[in-house]
Amino acid sequence: MTDAVIWTVILALGVGTFLIRFSFLGLIGTRPMPPLVLRLLRYTPVAVLPGLVAPLVVWPAATGGTLDPARLCAAAVALVVGLWTRSVIPAVLAGFATLYLGLWLTGAF
Amino acid sequence: MALATGKSAYLQGVRDGMPFLLVAVPFAALFGVSAVEAGLSIGQAMGFSVLVIAGASQFAALQMIVDNAGVALTLLAALAVNLRMAMYSASLVPYLGEAPLWKRACVSYLLFDQSYVAAVARYEADGTMRLRDRVAFFFGVATPIAPTWVLATLAGALLGARIPDAAALDFALPITFIAMVGPMLRTLAHVAAALVSVVVGLALVGLPSGTGLLIAAACAMAAGVIVEGKQT
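Residue numbers (the numbering used here), protein chains in the order written: chain C, 1 to 109; chain B, 110 to 341.
In structure tokens, the structure reads:
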């Protein structure tokens, strides 16, 4: 793509992304939402993030899409530590520690 | 007093946003590196991080540009990745819907995974929070993250290929998102939603970028509500 085309993509993507983010906050504003919708929305984060991450864990782009034991273990440890400590930072650190240990053990370092 | 609580809510937000720098820095730096490697100028890499400010979709767009996919398909793929943010937007309406329009517009610009997750976690934990404090808290969360996102992109673009592949920064995003989900699995309904999301997400991975995720998220939200209903 040429420079001008790439800038077109950047600008259009910026505007489009803002409109997606502004959609409900901007349009609905103070109007009340039905109770069922509110209950559905409570599960938004746990409904979106796992589905977003699962393919990245099972088929990592860095290994050309083949299952990688180091990355799989790192994901499992991050989940278990997050469940156990109920906080994000220890889970991230434990996940990265496991990833580097695994990469070192499997000789990818 | 009102001013004091507004300020402390903001500072609380800054504190809650800090941990996400662990993610934002490597992820944005990786984007900067990848953008320059793909042949974009430093200005274009910065344009993405300032105007789009949504990591996953920036990578999706970059991949499509590298594949020479054309403007329409590139936009479609990258916007599909961001459709989840419409759900974030909807789920914030009960908490922030009564704020002035310009504040809602600013919140929208700063609405990414991390700010959303941190804000909803706080709003759910503290039901007595006033509207003004909720807004202040949200801006607090975004304050460390957004500038760091832009600066780390610049650092990555300038450093270019000097960051070794062995650093495995590609996995910074999955690890962080998983670390964010763990503490959210408070009830059986949340666990059911997460499991359905994973299974459907994996099953539909062949669909065009982002589409499978939307279907998976819809099924998962329904699963959460159904399991919740069975328990009460």
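Even for Gly, the Cβ is constructed at its ideal location relative to N, Cα and C.
Any chain B beta carbon closer than 7 Å to residue i
i, result
"C/G65", "no"
"C/T119", "This structure gives no information on residue 119 of chain C, because the portion of chain C shown stretches from 1 to 109."
"C/A97", "no"
"C/L40", "yes"
"C/T50", "The amino acid at residue 50 of chain C is misidentified as Thr; the sequence shows Pro. It does: the Cβ of C/P50 has a partner Cβ on chain B nearer than 7 Å."
"C/A4", "no"
"C/G82", "yes"
"C/L13", "yes"
"C/L56", "yes"
"C/V105", "Looking at the sequence itself, residue 105 of chain C is Leu, so the reference to Val does not match. Not one chain B Cβ lies under 7 Å of C/L105."
"C/L72", "no"
"C/L194", "A query on residue 194 of chain C cannot be resolved here, the shown segment of chain C reaching from 1 to 109 and no further."
Residue i at chain C interface by Cβ criterion, 7 Å
i, result
"B/F280", "yes"
"B/I335", "no"
"B/A111", "Confidence is the limiting factor: at B/A111 the pLDDT is only 44, short of 50, which leaves the residue's position unreliable, though a coordinate-based value still follows. Not an interface residue."
"B/G141", "no"
"B/V161", "yes"
"B/P209", "no"
"B/F157", "yes"
"B/L220", "yes"
"B/V134", "no"
"B/G310", "yes"
"B/P317", "no"
"B/P128", "yes"
"B/T183", "yes"
"B/P292", "yes"
"B/P283", "yes"
Distance CB(residue i)-CB(residue j) smaller than 7 Å
i, j, result
"B/Y225", "B/Y204", "no"
"B/V290", "C/L101", "no"
"C/I28", "B/A195", "no"
"C/T17", "B/S200", "no"
"B/I151", "B/A266", "yes"
Own chain residues within Cβ distance below 6 Å of residue i, not counting five before or after
i, result
"B/F129", "Q223, I254"
"C/A74", "G95, T98, L99"
"B/G249", "Y119, G122, V123"
"B/Q167", "F140, F157, V161"
"C/R71", "P60"
"C/V81", "P90, A91, A94"
Chain-order list of residues whose beta-carbon lies under 8 Å from that of residue i (same chain, five-residue window excluded)
i, result
"B/T320", "A189, L313"
"B/V309", "G321, I324, A325, C328, A329"
"C/T85", "A91"
"B/D279", "L139"
"B/L342", "Chain B is shown only over 110 to 341; residue 342 of chain B falls outside these bounds and no answer can be derived."
"B/G115", "R241, D242, A245"
Contacts around residue i, its chain only, beta-carbon distance under 7 Å, and the 5 residues preceding and following it disregarded
i, result
"C/P110", "For chain C, the structure presents residues 1 to 109; residue 110 of chain C sits outside this window and is missing."
"C/P146", "Because chain C in this structure spans residues 1 to 109, residue 146 of chain C falls outside the shown range and cannot be described."
"B/I174", "A147, T183"
"B/L301", "Leu is not the amino acid found at residue 301 of chain B; the sequence shown has Ala there. Cβ within range, chain order: A332, G333, V336."
Proximal chain D residues relative to residue i, where beta-carbon distance stays under 7 Å
i, result
"B/F286", "Of the protein chains in the structure, C and B, none is chain D."
- Message: Taking beta-carbon pairs under 7 Å, can you tell me which members of the stretch 15 to 33 of chain C lie near chain B?
- Response: For chain B, the residues of the stretch 15 to 33 of chain C that bring a beta carbon within less than 7 Å of one of its beta carbons are G16, T17, F18, I20, R21, F22, S23, F24, L25, G26, I28, G29, T30, M33, in chain order.
- Query: When Cβ atoms are compared, which residues of the stretch 192 to 203 of chain B fall closer than 9 Å to chain C?
  - Reply: Taking 9 Å as the cut-off between beta carbons, the residues of the stretch 192 to 203 of chain B near chain C are L192, R193, M194, A195, M196, Y197, S198, A199, S200, L201, V202, P203, in sequence order.
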